[in-house]
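Colleague: Would you mind keeping the following structure in view while I ask a few things?
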Amino acid sequence: MQRSKIADILREEPVNSEVLVKGWVKAFRNNQFIALNDGSTASNLQVVVDFERFDAATLDRIKFGACISATGTLVESQGKGQKVELKTEVLEILGDCNPDEYPLQPKKQSPEFLRENAHLRFRTNTFSAVFRIRHALAYAIHKFFNDRGFCYLHTPIITASDAEGAGEMFRVTTLSMENPPRTESGEINFKEDFFGKSTNLTVSGQLEAELGALALGAVYTFGPTFRAENSNTTRHLAEFWMIEPEVAFNDLRDNMDLAEDMLRYVINYALEHCADDLKILEDRLTEEEKTKPQDQRSELSLTEKLKFVSENEFIRLTYTEAIDILRNSNPNKKGKFQFPVEGWGTDLQSEHERYLVEKHFKKPVILTNYPAAIKAFYMRQDEPLEGVPGPTVSAMDILFPGIGEIVGGSQREERYDRLVNRMREMHIPEEELYWYLDTRRFGTCPHAGFGLGFERLVLFVTGMTNIRDVIAFPRYPGSAEF
RNA sequence: GCUCCCUUAGCUCAGUCGGUUAGAGCGGCGGACUGUUAAUCCGUAGGUCCAAGGUUCAAGUCCUUGAGGGAGCGCCA
Numbered sequence: 123m124q125r126s127k128i129a130d131i132l133r134e135e136p137v138n139s140e141v142l143v144k145g146w147v148k149a150f151r152n153n154q155f156i157a158l159n160d161g162s163t164a165s166n167l168q169v170v171v172d173f174e175r176f177d178a179a180t181l182d183r184i185k186f187g188a189c190i191s192a193t194g195t196l197v198e199s200q201g202k203g204q205k206v207e208l209k210t211e212v213l214e215i216l217g218d219c220n221p222d223e224y225p226l227q228p229k230k231q232s233p234e235f236l237r238e239n240a241h242l243r244f245r246t247n248t249f250s251a252v253f254r255i256r257h258a259l260a261y262a263i264h265k266f267f268n269d270r271g272f273c274y275l276h277t278p279i280i281t282a283s284d285a286e287g288a289g290e291m292f293r294v295t296t297l298s299m300e301n302p303p304r305t306e307s308g309e310i311n312f313k314e315d316f317f318g319k320s321t322n323l324t325v326s327g328q329l330e331a332e333l334g335a336l337a338l339g340a341v342y343t344f345g346p347t348f349r350a351e352n353s354n355t356t357r358h359l360a361e362f363w364m365i366e367p368e369v370a371f372n373d374l375r376d377n378m379d380l381a382e383d384m385l386r387y388v389i390n391y392a393l394e395h396c397a398d399d400l401k402i403l404e405d406r407l408t409e410e411e412k413t414k415p416q417d418q419r420s421e422l423s424l425t426e427k428l429k430f431v432s433e434n435e436f437i438r439l440t441y442t443e444a445i446d447i448l449r450n451s452n453p454n455k456k457g458k459f460q461f462p463v464e465g466w467g468t469d470l471q472s473e474h475e476r477y478l479v480e481k482h483f484k485k486p487v488i489l490t491n492y493p494a495a496i497k498a499f500y501m502r503q504d505e506p507l508e509g510v511p512g513p514t515v516s517a518m519d520i521l522f523p524g525i526g527e528i529v530g531g532s533q534r535e536e537r538y539d540r541l542v543n544r545m546r547e548m549h550i551p552e553e554e555l556y557w558y559l560d561t562r563r564f565g566t567c568p569h570a571g572f573g574l575g576f577e578r579l580v581l582f583v584t585g586m587t588n589i590r591d592v593i594a595f596p597r598y599p600g601s602a603e604f
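Just so we're aligned, residue 123 is where the first sequence starts under the numbering used here, counting upward by one.
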């Protein structure tokens, strides 16, 4: 007999038919009622056993976490709380679960404890919901881009370029660490390394994506990304997944439209397809809010928050306008900011971004046209703008409540001379990036793209608070367990 | 990398001003009940108070150092 998935049974409710289910015991009540979950849905199937028909030794092995198989007739439930239930005829214990040793329990356990037991945390309601939603969001992203004619490009994970300028990198080498080959001047000789040069794990697929975009028109990457920064926050990982679309002939405005459409699309996708899982996370969040002081509680529930983002236009304003708002803001005048907003030209601190998003506008904000001095070499240089004190670039950052920067992107500098000048100013080695510069020498065109931190998106949609809880096995400073 | 906080039973946490025998709920185990919804009721076992050192007549409680964890900041997605 073929196994049925609990998701299918609960959807189709094939009453009076014979079904076989397999799954893990979530609760065994009254020596009669097993709440069975097989991961196909957040909901459990009620498996009813007549304890007089089964031997006590078998019933004794039905513990929280045990894996069982049950065959029987699906009937309308005689109790309240569920529509259908399984009247069990055959029961088999597939895997025992000794409650004395099993770390998980049928009660609320802290995210920190579960993180230390990340190999088992999929089995909790919260984490199974998080990972089903994570899957749905990944699928929605592929669907969004596919439906719009984008080409999914796999950019390399090992790179010889250390000029990407996005932070510290992890070295990839097969050289002996104890006794590496040396050059005559005593430096490590990477000519003898596996690739014949020094290599690292990628910090971004953007530069390669640009190469693709300038032929395929519209491409996106979706792959792992590595940053060896010693970042200890709730929104940084050393290994994370990033989506990087890159589109020929797009300007900054097109770029913002694309990012905004994509975020709305995937959030709506989750609202439409993950209602059960979102309910679990919403209830969890509501409980958590109750423990906070009244003034720190969120006014919106999780789904309300998601709907709010999907139904409202993002606020778009320039860096210069943002500085004006911040300079005249109450917290700045009253000296409440740890970093007072003084002049034009310095980067915004996260307290400033949070003020704009969470207090001033109360919706997602896209900041554009940042000072050139604080942004990357490849961003397109703006023509001097009236009332703006210094040179700016066509950059855009999308800021979300609670998360901060979820997207960072720009229109790219497509003009060869401008790009080379900028690289020289910022000491980016031209020789190493000859292939990047070639796109500007041969048939260059305006184009734009951005990077979306996938885990930050999952963080927002699930309402979790620590990014380490939305990736299965997080990597961060001091931790590469599992 | 910087700042602050935490570490007590399997889990979540309480433990007053340093004071005598270390507390609860959940979970476990034993029993009762048998249409339950994290079932309920009765009983019961369970402790290197993170580690080392120090102060003190006396340390879970105070001090120092270390380990592990969390939050914030910086770096960014």
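Every residue gets a Cβ at the ideal spot worked out from N, C-alpha and C, and that includes glycine.
(1) Looking only at its chain, what residues have a beta carbon closer than 8 Å to the beta carbon of residue 541, apart from the 5 residues adjacent to it on each side?
(2) Could you give the C-beta distance for residue 327 and residue 343, rounded to a whole number, given that I count them as a contact under 8 Å?
(3) When you compare each of 600, 595, 517 and 547 to residue 569 by their alpha carbons, which one comes out closest?
(4) Determine whether the beta carbon atoms of residue 324 and residue 281 lie at a separation below 7 Å.
(5) Expressed to the nearest angstrom, what Euclidean distance is found between the alpha-carbon atoms of residue 257 and residue 362?
(6) Among 299, 321, 268 and 312, which residue has its Cα nearest to the Cα of residue 278?
(7) Is residue 191 helix, strand or coil by DSSP?
(8) Out of 143, 237, 371 and 556, which has the shortest C-alpha to C-alpha gap to residue 602?
(9) Alpha carbon to alpha carbon, how far is residue 480 from residue 419?
(10) Report the CB separation of residue 135 from residue 202 in whole angstroms; it is logged as a contact under 8 Å.
(11) If we require 4 or more residues per run, which alpha helix (DSSP H) segments fall completely within the segment 325–403?
(12) Just to confirm, is the Cβ distance from residue 169 to residue 195 under 7 Å?
(13) What residue does the beta strand (DSSP E) around residue 129 start on, and which one ends it?
(14) Leaving aside the five residues before and after residue 597 along the sequence, list all residues of the same chain whose C-beta is less than 8 Å from its C-beta, in chain order.
(15) Using the Cβ count rule (16 or more neighbours within 10 Å means buried), how would you classify residue 579?
(16) Alpha carbon to alpha carbon, what distance is there between residue 377 and residue 213?
(17) With a threshold of 8 Å on Cβ separation, who are the neighbours of residue 555 within its own chain once the five nearest residues in sequence on each side are excluded?
(18) Answer yes if the segment 179–195 comes into contact with the segment 140–153, meaning at least three C-beta pairs across the two stretches below 8 Å, and no otherwise.
(19) Roughly how many angstroms lie between the CA atoms of residue 221 and residue 235, to the nearest whole one?
(20) Below 6 Å CB to CB, which residues in the same chain sit around residue 224 once its five sequence neighbours on both sides are set aside?
(21) What residue range does the beta strand (DSSP E) around residue 150 cover?
(22) Can you give, in chain order, each stretch of the alpha helix (DSSP H) that sits fully within the segment 475–558 and has at least 4 residues?
(23) In the DSSP output, which residue or residues are listed as bridge partners for residue 169?
(24) On the CB-based measure, 16 or more other CB atoms within 10 Å of its CB, does residue 584 come out buried or exposed?
(25) In the DSSP assignment, find the unbroken beta strand (DSSP E) run with residue 268 in it and report its ends.
(26) Have a look at 357, 150 and 162 and flag the residue whose alpha-carbon is nearest the alpha-carbon of residue 180.
(27) Can you look up residue 224 in the DSSP assignment and give me helix, strand or coil?
(28) Only counting the same chain, and skipping five residues up and downstream in sequence, which positions put a Cβ closer than 8 Å to that of residue 289?
(29) For the putative contact between residue 565 and residue 531, defined by C-beta atoms under 8 Å, what is the C-beta separation to the nearest angstrom?
(30) So, for residue 200: in the same chain, excluding its five sequence neighbours on each side, which residues have a beta-carbon less than 8 Å away from its beta-carbon?
(31) Return the first residue and the last residue of the alpha helix (DSSP H) that residue 454 is part of.
(32) What is the DSSP secondary structure of residue 583, counted as helix, strand or coil?
(33) Residue 334 and residue 400 - do their beta-carbons sit closer together than 7 Å?
(34) Between the Cα of residue 443 and those of 511, 374, 340 and 249, spot the shortest distance and give me the residue it belongs to.
(35) Could you give the DSSP three-state label for residue 420: helix, strand or coil?
(36) Measure from the alpha carbon of residue 317 to the alpha carbon of each residue in 307, 267, 295 and 300, then state which is nearest.
Modeller: According to the data block:
(1) Stepping through the first sequence from its first residue, residue 541 is reached at position 419. Counting only Cβ-Cβ distances below 8 Å, and skipping sequence neighbours, we find 499, 500, 535, 559 and 562.
(2) Along the first sequence, one-based indexing puts residue 327 at 205. Along the first sequence, one-based indexing puts residue 343 at 221. Contact flag correct, Cβ pair sits at about 4 Å.
(3) As a working note, residue 569 is residue 447 in the first sequence. When only C-alpha atoms are compared, the closest one is 517.
(4) For the purposes of this step, residue 324 is taken as residue 202 along the first sequence, with counting starting at 1. For the purposes of this step, residue 281 is taken as residue 159 along the first sequence, with counting starting at 1. Contact: yes.
(5) Numbered from 1 along the first sequence, position 135 holds the residue referred to as residue 257. Numbered from 1 along the first sequence, position 240 holds the residue referred to as residue 362. Straight-line Cα distance between these residues: approximately 15 Å.
(6) Mapped onto the first sequence, residue 278 falls at position 156. Residue 321 is the option with its Cα nearest to residue 278.
(7) Sequence index remark: in the first sequence, residue 191 carries index 69 (1-based). The answer is strand: DSSP assigns residue 191 an E or B state.
(8) Looking up residue 602 in the first sequence gives position 480. For residue 602, the nearest C-alpha among the options comes from 237.
(9) Numbered from its first residue, the first sequence carries residue 480 at position 358. Numbered from its first residue, the first sequence carries residue 419 at position 297. Their Cα atoms are separated by approximately 13 Å.
(10) For this step, residue 135 is matched to residue 13 along the first sequence. For this step, residue 202 is matched to residue 80 along the first sequence. At roughly 16 Å, the Cβ-Cβ gap does not stay under 8 Å, so residue 135 and residue 202 are not in contact.
(11) 328–338 and 374–395
(12) Translated into the one-based positions of the first sequence, residue 169 becomes position 47. Translated into the one-based positions of the first sequence, residue 195 becomes position 73. Not a contact, by the Cβ cut-off of 7 Å.
(13) The residue given as residue 129 occupies position 7 in the first sequence. Counting along the chain, residue 129 falls outside any beta strand (DSSP E), though it belongs to the alpha helix (DSSP H) covering 128–134.
(14) Mapped onto the first sequence, residue 597 falls at position 475. Same-chain partners within the cutoff: 359, 360 and 361.
(15) Here residue 579 refers to the residue found at position 457 of the first sequence. Residue 579 should be labelled buried.
(16) In the first sequence, counting from the first residue as 1, residue 213 sits at position 91. In the first sequence, counting from the first residue as 1, residue 377 sits at position 255. Answer to the nearest angstrom: the Cα atoms are 57 Å apart.
(17) Stepping through the first sequence from its first residue, residue 555 is reached at position 433. Same-chain partners within the cutoff: 283, 285, 329 and 545.
(18) yes
(19) As a position in the first sequence, residue 221 is number 99, starting the count at 1. As a position in the first sequence, residue 235 is number 113, starting the count at 1. Each residue's alpha carbon lies about 17 Å from the other.
(20) Position 102 of the first sequence, counted from the start, is the residue given in the question as residue 224. Correct list, in chain order: 187.
(21) Residue mapping note: residue 150 aligns to position 28 of the first sequence, counting from 1. Start and end: 140–151.
(22) 538–547
(23) Here residue 169 corresponds to residue number 47 of the first sequence, with the count starting at 1. Beta-bridge pairing links residue 169 to 156 and 208.
(24) Residue 584 sits at position 462 when you count from the first residue of the first sequence. Buried: at least 16 other Cβ atoms inside 10 Å.
(25) For the purposes of this step, residue 268 is taken as the residue at position 146 of the first sequence. Premise fails: residue 268 lies in the alpha helix (DSSP H), 247–269, not in any beta strand (DSSP E).
(26) For the purposes of this step, residue 180 is identified with residue 58 of the first sequence, where counting begins at 1. Nearest C-alpha to residue 180: 150.
(27) In the first sequence, residue 224 corresponds to position 102, counting from 1. Here DSSP, grouped into helix, strand and coil, assigns residue 224 to coil.
(28) Taking the first sequence and counting its residues from 1, one reaches residue 289 at position 167. So the list reads 325, 349, 350 and 351, once near-sequence residues are dropped.
(29) As a position in the first sequence, residue 565 is number 443, starting the count at 1. As a position in the first sequence, residue 531 is number 409, starting the count at 1. Not quite, the Cβ-Cβ distance comes to about 23 Å (not below 8 Å), so this is no contact.
(30) What you label residue 200 is simply residue 78 of the first sequence in a count that begins at 1. Closer than 8 Å at the Cβ level, and outside the excluded window around residue 200, lie 207.
(31) Working through the first sequence from its first residue, we reach residue 454 at position 332. Residues 452–455.
(32) For the purposes of this step, residue 583 is taken as the residue at position 461 of the first sequence. Three-state result, residue 583: helix.
(33) One-based indexing of the first sequence puts residue 400 at position 278. One-based indexing of the first sequence puts residue 334 at position 212. For residue 400 and residue 334, no; Cβs fall outside 7 Å.
(34) Position 321 of the first sequence, counted from the first residue, corresponds to residue 443. With distances taken between Cα atoms, residue 443 lies closest to 511.
(35) Translated into the one-based positions of the first sequence, residue 420 becomes position 298. The answer is coil: DSSP assigns residue 420 none of H, G, I, E or B.
(36) Taking the first residue of the first sequence as 1, we reach residue 317 at position 195. For the residues 307, 267, 295 and 300, the minimum Cα distance to residue 317 belongs to 295.
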